[in-house]
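Colleague: Quick one: the structure is below, questions incoming.
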Amino acid sequence: GYWIRAFVLEAVVRSTSMVGAGSGPLRSKLFFRLRRERARVANLEQDPYKRIEMMAERFGVSPEKMEQMLRRLEGRDVSLDAKVFDDSGIALVDTLEDDGVLQDEVVDRSHRQTALSSRLHDALLALDERERFIVEHRLLRDEEEEMTLAALGRKLGVSRERARQLEARAKQKLRAELHDVAAA
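Number 307 in our numbering belongs to position 103 of the sequence shown; there are no gaps in the numbering.
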């Protein structure tokens, strides 16, 4: 009875596509309910856009999501190795576009980042101890973690104004050390 029917329904749902679409009773219910609803709405409304809107409202999803669900329901699996045209040597996989960043760009960016980190490290070594402390605790921190000039002054045993002057001097030295990097 029940278990045989459940097994058959699961086999029907699973056999419609090699691509997984979730599992369990919700998938099965959605699969069959969506088909029934599509047939019902087709009898009520001729305009395909209004059909999608009606079904979306009924299922409580956006029309875009409903359109996506229907495409998945109606679509058939296609091999990516299949030829685009019978007489062409181009496979479907050859026509797919990769939205990701090219590997060369990733490697280039990594090399630039490494070079920049090395240059910054060298530039920091050109600063005196107080200037380096200010840069590390104020300029190289996230906004919520950076120390105030007053806190820097207390830590270094100088006034807030002197901390500001040291920060300005450190920035000037860094600018001079890294001027060619900033121009690139």
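Using N, Cα and C, we set each Cβ at its ideal position, and we do this for glycine too.
#1: Does the distance from the CB of L360 to the CB of R336 come in under 8 Å?
#2: Which of the three DSSP states, helix, strand or coil, is assigned to D302?
#3: Considering only DSSP beta bridges, list what K287 is partnered with.
#4: Note down, in chain order, each residue of its chain lying with its Cβ closer than 8 Å to the Cβ of L382, except the 5 sequence neighbours on either side.
#5: Counting only beta-carbon separations shorter than 8 Å, does H341 have a partner in chain C?
#6: Please state whether DSSP places A327 in a helix, a strand or coil.
#7: For R240, count neighbouring C-beta atoms within 10 Å of its own C-beta (all shown protein chains included) and say buried if the count is 16 or more, exposed if not.
#8: For K377, tell me which candidate among V288, D308, A330 has the shortest Cα-Cα distance.
Modeller: This is what the structure gives:
#1: For the purposes of this step, residue 360 is identified with residue 156 of the sequence shown, where counting begins at 1. For the purposes of this step, residue 336 is identified with residue 132 of the sequence shown, where counting begins at 1. Cβ atoms of L360 and R336: not closer than 8 Å.
#2: The count along the sequence shown starts at 1 and reaches residue 302 at position 98. Secondary structure at D302: coil, using DSSP grouped into helix, strand and coil.
#3: Taking the first residue of the sequence shown as position 1, residue 287 is located at position 83. A295.
#4: Position 178 of the sequence shown, counted from the first residue, corresponds to residue 382. Taken in chain order, the residues that qualify are R323, L324, A327.
#5: The structure shown has no chain C; it contains just one protein chain.
#6: Stepping through the sequence shown from its first residue, residue 327 is reached at position 123. Helix.
#7: Taking the first residue of the sequence shown as position 1, residue 240 is located at position 36. By the Cβ-count criterion, R240 is exposed, with fewer than 16 other Cβ atoms from all chains shown falling within 10 Å of its own Cβ.
#8: The residue given as residue 377 occupies position 173 in the sequence shown. Selected option, being the one with the closest Cα: A330.
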